[in-house]
Amino acid sequence: MAEIILREKIRQHKLNILVSSAGTLNVIGKDRPEEKALQAVQLCGYQSEKSQVRKVTQQDFIKYDLIYAMDRTNLADLIDHCPPDQKSKLMLFLSHAQSSEREVPDPYRGSSEVFRKTALLIESGAQALVNYWQQSGLGCSNTKVGCREMVV
């Protein structure tokens with residue numbers, strides 16, 4: 175969900191930022207996001223793109239300039255696997271949001287309403303990131319952002 179929403183926010187603000195999504199867990203037998211996630215982003219007004227489910231690789235830590243985790247558990251997993259000289263790239267997705275929420279809960283096994291609420295929280299976080307990047311001058315060059323989303 176985060177990849178779809180963040181890409182659209184980046185497009186709307188005409189930023190030059192590349193986004194990719196990967197999980198910290200291996201997902202066996204899944205090659206696309208959960209259907210309820212795709213429906214939730216559509217209900218929030220986004221076009222669900224064709225996206226692949228994949229696991230974070232060691233190369234991601236080097237390739238991407240920024241890597242966002244949805245929650246502290248995923249952040250801890252990323253920190254454990256990240257080369258020491260790349261750890262400054264890691265942060266929580268909601269780190270710049272005005273919300274009191276600091277983590278995006280994993281909606282897996284939740285109802286369609288849980289997925290919709292999660293999509294709205296991601297939307298708020300994505301807008302906060304875009305605002306932060308604009309204020310920081312990011313997106314004016316070819317910045318590569320790795321958006322990390324828990325995939326189960």
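Read in this note's numbering, the sequence shown has 180 at position 6, and its numbers run on one by one without any break.
Every residue, glycine too, gets a C-beta built ideally from N, C-alpha and C.
*asked:* Which of the three DSSP states is assigned to residue 188 in this structure?
replied: Translated into the one-based positions of the sequence shown, residue 188 becomes position 14. Under the three-state reduction of DSSP output, residue 188 falls in the coil class, being neither helix nor strand.
*Could you give the uninterrupted runs of the beta strand (DSSP E) lying entirely in the segment 212-266, keeping only those of 3 residues or more?*
Runs of the beta strand (DSSP E) inside the segment 212-266: 240-243 and 264-266.
*In whole angstroms, what separates the C-alpha of residue 227 from that of residue 197?*
Counted from its first residue, the sequence shown places residue 227 at position 53. Counted from its first residue, the sequence shown places residue 197 at position 23. Rounded to the nearest whole angstrom, the C-alpha separation of residue 227 and residue 197 is 8 Å.
*Can you give the Cα-Cα distance for residue 299 and residue 249, rounded to whole angstroms?*
For the purposes of this step, residue 299 is identified with residue 125 of the sequence shown, where counting begins at 1. For the purposes of this step, residue 249 is identified with residue 75 of the sequence shown, where counting begins at 1. Cα to Cα, the separation comes out at about 16 Å.
*Measure how close the beta-carbons of residue 306 and residue 270 come, nearest whole angstrom, since I'm counting them as under 8 Å.*
Your numbering for residue 306 matches position 132 in the sequence shown. Your numbering for residue 270 matches position 96 in the sequence shown. Yes, residue 306 and residue 270 are in contact; Cβ-Cβ is about 4 Å, under 8 Å.
_Where residue 288 falls: helix, strand or coil (DSSP)_ = Counted from its first residue, the sequence shown places residue 288 at position 114. Residue state, collapsed to three classes: helix.
*asked:* Beta-carbon within less than 8 Å of residue 308's beta-carbon, same chain only, minus the 5 sequence neighbours each way: which residues are those?
replied: Here residue 308 corresponds to residue number 134 of the sequence shown, with the count starting at 1. Cβ within range, chain order: 187 and 189.
*With DSSP run on the structure shown, which of helix, strand or coil describes residue 271?*
Position 97 of the sequence shown holds residue 271. Shown here, residue 271 sits in coil according to DSSP, grouped into three states, outside any helix or strand.
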